[in-house]
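Asker:
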Amino acid sequence: MCKSACLKYLSLLLLLFILEKSNGSIVRVEKGVYSRITVEIGHQSQPTDCPQFFARLESLLNETSYGLYRLSQSKGYIGDFQIILPPTWDVTQCQPSRFSRIVASSQRSSSPDFFISPTNDLEEPRAEQFGSCGSMGYRIHVPKSFFDFALFQDSWELRDRGQTLLREWAKYRYGVFPENGFKGDPLYPHMYADGNEMKFSSGCSNAQPFCSLNQTYDKYAPTKQNLLCEGQRSSQIINHHKDFIKRSPNPVLLLNNETEILPVMINEDIITPKDPTFSYVVGKSSTFSILLDRTSIMGINNRWTNIKRAFYRFIQYIPVGTQLNIISFGSESVIDLPATIVTDSNREGLHGRIPRKVLEEEEYACASCALNVSFNSLRNYLGETEPGNVILVTGSPSKPNEVEDLLQVIEDAPVRVFPIIYPGTAHPDVLAFSVFGKQYSIPEGSSNPDPLSILSETLMDILKEAEGIQIQKVHETKHSRELEVSGTFTMEEDILHKMSVTLSIDDEERVEFFEIINPSGKKHLFSKFEDGMVVFNHPGLAESGIWTYHAKLYPETNVMNHMSVDVVSQSNNAESEPFILEAFSSVGHMEVDAYNTSNPVILYARLTKGLMKPVIKAFVTAKIYRPGDAEPIQLLMRDNGLGYPDISKNDGIYSVYFSEFASIPGYYSVQVSASHNEGLARTPKSIKITETVPEGPFNTLEIKSQESESCCGSIINYEETIPANPFHRQTVGNGFYVKQGLSDNSDVSPPSRVLDLKVEEYIEDSLYMKLKWTAPGGDYDKGKASKYEIRCYTSREALEGDSFSDKGILVHASFTPDPLSYGHEQSCKVGIPWPNEKFYYALVAFDESGNSSPISNVASAYIYEAPTTTTLQGDYELSGASVEGNLPFMESTGRDVYERSKQVRVYVITGTVVGLLILIIAIIGIILLRTRTKRAQYDGEEKDTYKTYEPADSKPGPINETTKTPNLNDWLDSLPRSTGSPDTTAHDLSVDGTLVKRNHTLSKTNPYRHKVLTNGSFLNLKESCDDASNSSSRPTTSTTDPDSTSEHSESSPHRRASHSHSTGGAPNSILKRSNTVVNTPIDTDTARAIIDTYTTGHLFNRSPNYFSFRENSTSMDHGNLDPPPGFSTDYPTRQMSHKKKRTESVV
């Protein structure tokens, strides 16, 4: 039992999967064979060579079919074309070929697969695309001049044109893109830099029309195909398309806690192609079946009242000759109006067949029963269900039955079903019937004060979809709490047919009058009052210009919630070019998974003047009504060509992501409006495309690769554009059902992908460059991200998938800027690890919840540097860029060790060691050289050494100032030092007797020498004489500080050597002086002799009383030397040093 149910569910899933996102096309695919591909010939005069025109048309389509067979690896071809002729053509005069037949059909498509334009604005066919990779396009535009060629069997021209048509078919049907770049394109350039190499941006050479599976393919070339399809070639996308799958003979059923169904597999069967057949469709009256849910649930919130009012206007707009029937249903279906032809005289009577009330006692609604009844009304005398249009309005929670059987009937006919759902109560399975149609939902509650307006726009959109009628709402104004209202609206010259002005109010009897004034000043007072509406219908063509309306209510009327005035009109004729607004989405009839970020909801709006000319720079917004009491969301739609979501700028298709889901599951409604943007909107005079000349040196290069396609890169440039006239348009898009609710704190939407990351400039004489990109949003294209993460590597593969975070080198966060709001340009300075090697950079954005965007496109960088000597100073330097461990602008991932990094580390360690050795050897050499130089200097000089006499066993003790006698030691201290002494330290005694150190070099002109020579102390001679005369006391020399002595000894190797060789005491001992003042009178004769010596200039002449010790002296007898008068002879005999250097006396 379970297995049977699962298999049935499996078949339903497969059918829905195959029919998903058909975008209104009625194409059918069975075992790789396509049928019902529609080719609509636009309104144009019948060609005089009609048979030849059809022959060329059939030959091209036949060539396209065989080209598809080759492209799909023998898995598919086109078996049937339906060619829809203009109503003015007489097909009997064209004599179709033997493969053709003439049929009559009521199924006129507003979304044909091929549309043959009546003009020659295009130079070659162009597929109009709007979605992401793998998404079906809007249609293929073919200029009528494309069929002007000489028809010869097996002609190369026929082959080339067939390949061109096949290329556009593949882009339209399978969602693939050009595999080469475009001249001057900012995202998909004709040439690109791969490090220090310039390459042509092409997936392969000689693509016919795409790169085959066995060709070498460059998946890193920045083509539109590579960037939007993650590096997959077009033929790979095509061969894995859902059109080439088949049912698995043994589907996998896992019935443990979950059921997993794998219903499909790639169709590997080889089929044999056949010549396609051609059906020339001539129009006949269309058929509409209106199915109305009449259960009690439809009586709440004025649903039934609004349904009657909205269908009154719908019946007024149905073309004459349309066949209409009305079926109401509860548990059973009732035919309220059998199939009836619409005329101008019976419109009000047809509307009167709608039941006045709902069934109060009825709760169960059998939608499947009503569908079966409507399908029966579409059967012909052969029992075949003919094409038709079904409008299903329901709010019942009852689940429909026989869904699979009904879907099969819809597929076979085909039948367009347009479900209109009241979201608060309807069952979501009803949406499955909108395979070839479109589904809508009507918002209710406080979030939408006017559900009637949405329902009216929905029915007008169905007329556009089913009949191709160019009908638009050109104005709407809401008024509240006013008894008298007025306003203006503008009628454009191309949309004046059947203008209708409607005042909607709770009770039309409250209106005293409603008048309309045309641009010429004429008043129109004959409005019609009908069931809560006051309607003015203008016959024929209205006058273009500014119109005025004026309404007044009776004074005793109670103040109401609101009333509204809207204006609806149609295109004048087939040649007119009014502004046309269409709205659709990426969501088909399947339920939306709010957590599936790989398939987000994207809303689209197509704004054109006429059928083909895009309107650019318009102001387009989308208003989304959410389930429950959630406030509606209004979003700005953009035509910027950044790739996510908008794929081409200036194509007239505006898009936006939607991710603000409500906290409960339910239906969502979409309403779109567009205006001329206060005069900024423009339209091209012709849709011929011009190529921009690329900037930089590349425009001088000889182009040898295949030529760029004419359309379409990231931007479309036109030869000339003109300002758009003031306009306003408003319509509805298809509704959708979201099966989960998200709390206010839930954030599952990541930032959008960055697709324009590039190197803007290199910073001169450095290893830095400037990256530039356009900021993504925080939730897709809304708000702003929280942070960026930029990584680089020496290969592109390391920046793909998980390798991005595992292997990519992270640019330090201090170099990355804070994200700006979506659409703003940003840049930052980053470093290149080392020169002369290619590095690749990519970017990922994060929001505050940690959701990450897809990895951006990859930008390459290369800095060349001529080989130079590498300087090693602790840290090593390369090309002037300091490198220490990791670069200052990089953060190592610690997971991957580069071969290049290993080599650099070896070079650094080796260089550092060698450098240190060289430095040590240099220092040792300098020391030896200086030592040898000093020694040679001292050996060449004549040096004096004076014997310092001191008792060997003398010990410091108290000195009796009264008995102390001057000795030779004191006298020697008063003498000047030798001019060759290396000791440049001078001392002075301050006034208070403390020792002061002076760092002055002693010389003949040094003033401190005068103080030393006069009295042996550091005091001035004049002061000494004054003190001697006044106090009769003699100042003595000051005692040297031991610390100072130690310092001197350490700083002078020569002094240390002389001290160590002194005798009669400990090594390095010095002569200490007393600071005690002695009251012994000065020997005036001796002092006078010293002064005379000073004044006569013989100071620096050696005295005969001093003995000179040469460096080669070995011994000396001091017994014959008499001391100067006044000095004691009490001193011991000491041995002199045998050192070559003289012994210094320490002051």
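Sequence positions in the sequence shown follow mature numbering (1 follows the signal peptide of the UniProt record, and there is no 0) and run -24 to -1, 1 to 1123. Every residue, glycine too, gets a C-beta built ideally from N, C-alpha and C. Since the model is a prediction, treat every value here as computed from it, not as a measurement.
1. Do you know how far the Cα of L731 is from the Cα of S725?
2. Looking at the unbroken beta strand (DSSP E) that takes in residue 1125, where does it start and where does it end?
3. Sorted by chain position, which residues of the same chain lie with C-beta nearer than 8 Å to D170's C-beta, five sequence neighbours on each side aside?
4. Ordered along the chain, which non-local residues of its own chain (more than five positions away) have a Cβ less than 8 Å from that of S797?
5. Using the C-alpha atoms, what's the distance from G521 back to F502?
6. Would the beta-carbon of K51 fall within 8 Å of that of S93?
7. Assign T319 to buried or exposed, taking buried as 16 or more other Cβ atoms, counted over all protein chains shown, within 10 Å of its Cβ.
8. Hey, F703 and E468 are a contact pair by Cβ (cut 8 Å); roughly how many whole angstroms apart?
9. From the DSSP secondary-structure annotation, give me the bridge partner or partners of D269.
10. Assign D794 to buried or exposed, taking buried as 16 or more other Cβ atoms, counted over all protein chains shown, within 10 Å of its Cβ.
11. Using DSSP bridges, identify the partner residues of Y769.
12. CB-CB under 7 Å to N282, same chain, minus the five flanking residues each way: which ones, in chain order?
13. Could you tell me which of L142, T95 and S108 sits nearest to S35, measuring between CA atoms?
14. Give me, in chain order, the residues of the same chain whose beta-carbon lies closer than 8 Å to that of R77; leave out the 5 immediate sequence neighbours on both sides.
15. Evaluate H1094 with the Cβ neighbour count: other Cβ atoms within 10 Å of its Cβ, from every protein chain shown; 16 or more gives buried, anything less gives exposed.
16. Do K589 and T659 have their CB atoms nearer than 8 Å?
17. Using three-state DSSP, classify I640 as helix, strand or coil.
18. Kindly identify the DSSP beta-bridge partner or partners of T597.
19. Can you check the stretch 131 to 165 for any alpha helix (DSSP H) of at least 4 residues that lies completely inside it and give the ranges in chain order?
20. Is it buried or exposed, W132, if we count other Cβ atoms within 10 angstroms and call 16 or more buried?
21. Does the stretch 89 to 103 come within contact of the stretch 607 to 626, defined as at least 3 CB pairs closer than 8 Å?
22. Assuming E380 is part of the alpha helix (DSSP H), what are its boundary residues?
23. Let me know the secondary structure DSSP gives K120 once reduced to three states.
24. Helix, strand or coil for C342, going by three-state DSSP, please let me know.
25. For K375, which residues in the same chain have their Cβ closer than 6 Å to its Cβ, ignoring the five residues on either side in sequence?
26. Which of the three DSSP states, helix, strand or coil, is assigned to I785?
27. Sort L895, V591, R602 and Y630 by Cα distance to I578 and report the nearest one.
28. With distances taken from CA atoms, which of D615, S728, I903 and S662 is nearest N575?
29. Taking C180 as part of the alpha helix (DSSP H), name the residues at either end of that continuous run.
30. How far does the beta strand (DSSP E) with L580 in it extend, from its first residue to its last?
31. Between which two residues does the alpha helix (DSSP H) containing I213 stretch?
32. Considering only C-alpha positions, which residue in the set N156, P809, Y168 and R149 is nearest to N215?
33. Buried or exposed: which applies to M174, given that a residue is buried once 16 or more other Cβ atoms fall within 10 Å of its Cβ?
34. Closer than 7 Å: is that where the CB of S372 sits relative to any heavy atom of the ligand NAD?
35. I'd like the list of long-range same chain contacts for L354, defined as Cβ closer than 6 Å, with 5 residues on each side in sequence excluded.
36. Give the straight-line distance between the Cα atoms of G110 and H19, rounded to the nearest whole angstrom.
Answerer: This is what the structure holds:
1. In a straight line, the C-alpha of S725 is about 18 Å away from that of L731.
2. The chain is shown from -24 up to 1123; residue 1125 falls before or after that span and cannot be answered.
3. Y196, K814 and S836
4. A751, G753, G759 and K760
5. 21 Å
6. No, the Cβ-Cβ distance between K51 and S93 is not below 8 Å.
7. Looking at its Cβ environment, which holds fewer than 16 other Cβ atoms inside 10 Å, T319 is exposed.
8. 6 Å
9. F305
10. exposed
11. Y816
12. P427, L428 and L431
13. L142
14. Excluding residues within five positions, the ones whose Cβ falls inside 8 Å are T253, F254, S255 and Y256.
15. With a pLDDT of 40 at H1094, under the threshold of 50, the modelled position of that residue is not reliable, and the figure given next carries that caveat. When all chains shown are included, H1094 counts as exposed.
16. yes
17. coil
18. L612 and S649
19. 132 to 150
20. Exposed, since its Cβ has fewer than 16 Cβ neighbours within 10 Å.
21. no
22. V379 to D388
23. helix
24. coil
25. H403 and D405
26. strand
27. Y630
28. Per the C-alpha coordinates, the member of D615, S728, I903 and S662 positioned closest to N575 is S728.
29. Run containing C180: none; DSSP gives neither H nor E here.
30. Looking at the sequence shown, residue 580 is not Leu but Tyr. Its beta strand (DSSP E) spans residues V577 to K585.
31. S210 to N215
32. R149
33. exposed
34. Here there are no bound small molecules, and the ligand NAD is not part of this structure.
35. T361, E362 and G364
36. 31 Å
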